[in-house]
Amino acid sequence: KISSKDGYMCINDTCPEDTRLVIQICGRCPDELSAATKALIDIYDNEKNGYPALEGIDLNLGCPQDAAEEHGFGAFLAERDPALAIQCIKAMRQTMDELFLPLTKADNISNKSK
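Residue numbers (my numbering): 4 to 117.
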């Protein structure tokens, strides 16, 4: 877990036998998502620190959980503030362009968010 003043990042263990690493993150602040993207790229930089190379980052735009609703991320960001969701994607994309990493999004919108 990496802590900062405004948030945290929890990184699950991985091992050298892992061959494809795609990490999913969530949030609603473009600057924080950009910083998290940069931190992940730094941590998983081409097998540095014994981790497999990062092949992509997924922005979760489909989480229907109560915490997502309360804090306005996941499915609730995509549904209630699509312009902000686009800003988040653009901020992450700009950070990732340097390494040509794929950016994906999960958007499994449930009945709860409707």
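Just so it is clear, CB atoms sit at the ideal spot from N, CA and C, and this is done for glycine as well.
Mind checking whether residue i and residue j have CB atoms under 7 Å apart?
{"i": "L64", "j": "A38", "result": "no"}
{"i": "P33", "j": "A70", "result": "no"}
{"i": "C91", "j": "G77", "result": "no"}
Which word fits residue i, buried or exposed, when buried means at least 16 other C-beta atoms lie within 10 angstroms of its C-beta?
{"i": "T22", "result": "exposed"}
{"i": "F86", "result": "A quick correction: the sequence has Ala, not Phe, at residue 86. The residue is exposed, with fewer than 16 neighbouring Cβ atoms inside 10 Å."}
For the candidate residues the options, whose alpha-carbon lies nearest to that of residue i?
{"i": "Y47", "options": "L24, K93 and D34", "result": "L24"}
{"i": "L62", "options": "Q68, L36, P85 and F79", "result": "L36"}
Taking the C-alpha atoms as reference points, what is the distance between residue i and residue j?
{"i": "E60", "j": "Q27", "result": "The sequence shown places Ile at residue 60, rather than the Glu named in the question. For I60 and Q27, the distance between alpha carbons rounds to 6 Å."}
{"i": "R31", "j": "D45", "result": "21 Å"}
{"i": "A42", "j": "G75", "result": "23 Å"}
{"i": "T98", "j": "T40", "result": "7 Å"}
{"i": "D100", "j": "A88", "result": "18 Å"}
{"i": "L57", "j": "E72", "result": "29 Å"}
{"i": "Q68", "j": "R96", "result": "25 Å"}
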